[in-house]
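One structure is given here, and the rest of the page talks about it.
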Amino acid sequence: MSAEEKMARGRVAIQTLQEYQKAKKTNDTVNLAEISKKFNPNTKEGEHFLNNYFKYFGYGYLNDPVELIPNVALTFYSFHIMVALGFIFVLLFIFILVYVWRDNIEKKKFLLYIGLWSILFGFIASQMGWIVAEVGRQPWIIQDLMPTIAAVTHLSVSTVQTTFVLFAIIFTTLLIAELRIMFNQIRKGPDNLKK
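At position 92 of the sequence shown the residue is numbered 1030 (this note's numbering), and the sequence of numbers has no breaks.
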């Protein structure tokens, strides 16, 4: 079935749902009973409507079939960067493990620096995975039923801003606490070297 056909059927499903909501709001019991049959999977009419129209509900929100295609290049390169970093982590772990077994890891400063700086690559790989998941699923929140353009919140802007500020304060406080603990431990140094 073409995208245009799915979009047309989705619009019929949206219109039917709007008619149902209008009949329910105005207490129009005759129309409400008639439209309710379309949402009952135990009736022929309901089975037909649910399988042939409501199944494509989300497509009714879209105006152009091009909206169905996610950003392929961004997803493609993000995925490859994520996988490449994963292989680099495995190789780095093997190198470090070999030197730990030989009991001379502290002599390999370059490997220690690479290990330290590879912490950043973990964050980059995580963000690349997030991009793959979020951009790759576009335009859907729920496949075929709810596109991202229909998934809007009824929260006010001030509510979202307040939540953001609270999270920023909490995580900044946790970051400061973590850095203090870490710097104190670094200043103390390893216990086994002091003996």
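Even for Gly, the Cβ is constructed at its ideal location relative to N, Cα and C. Just so you know, these numbers come straight off a predicted model, no measurement behind them.
Which listed residue (the options) has its alpha carbon closest to that of residue i
i     : options                    : result
K993  : A971, D1002, G1024, T954   : T954
E1005 : S1094, V1073, L1112, N1122 : V1073
V1070 : E1044, M1120, S1016        : S1016
T1086 : P1008, A971, I1034         : P1008
A1022 : Y997, S1056, V968, F1102   : S1056
V950  : N969, F987, I1032, L1049   : F987
W1068 : F977, T1013, Y1037, Y991   : T1013
D1002 : M945, W1078, I1079, Q956   : M945
L1000 : A1088, V1010, L1113        : A1088
Backbone CA spacing between residue i and residue j [nearest angstrom]
i     : j     : result
Q1076 : G1127 : 49 Å
I1107 : R1118 : 17 Å
K975  : H1018 : 49 Å
E943  : Q1099 : 40 Å
M1084 : R1125 : 53 Å
S1061 : K1046 : In the sequence on display, residue 1061 carries Phe and not Ser. Between F1061 and K1046, the C-alpha separation is close to 24 Å.
L1049 : D1082 : 49 Å
A961  : F977  : 14 Å
M1020 : E1116 : 27 Å
Paired residues, beta bridge with residue i - DSSP
i     : result
P1085 : W1078
Residue i - containing alpha helix (DSSP H), residue span
i     : result
Y1015 : 1010 to 1039
I1124 : 1095 to 1126
K944  : 941 to 963
Complete alpha helix (DSSP H) runs within the stretch 969 to 1010 (minimum length 4 residues, chain order): 982 to 990, all fully within the stretch 969 to 1010.
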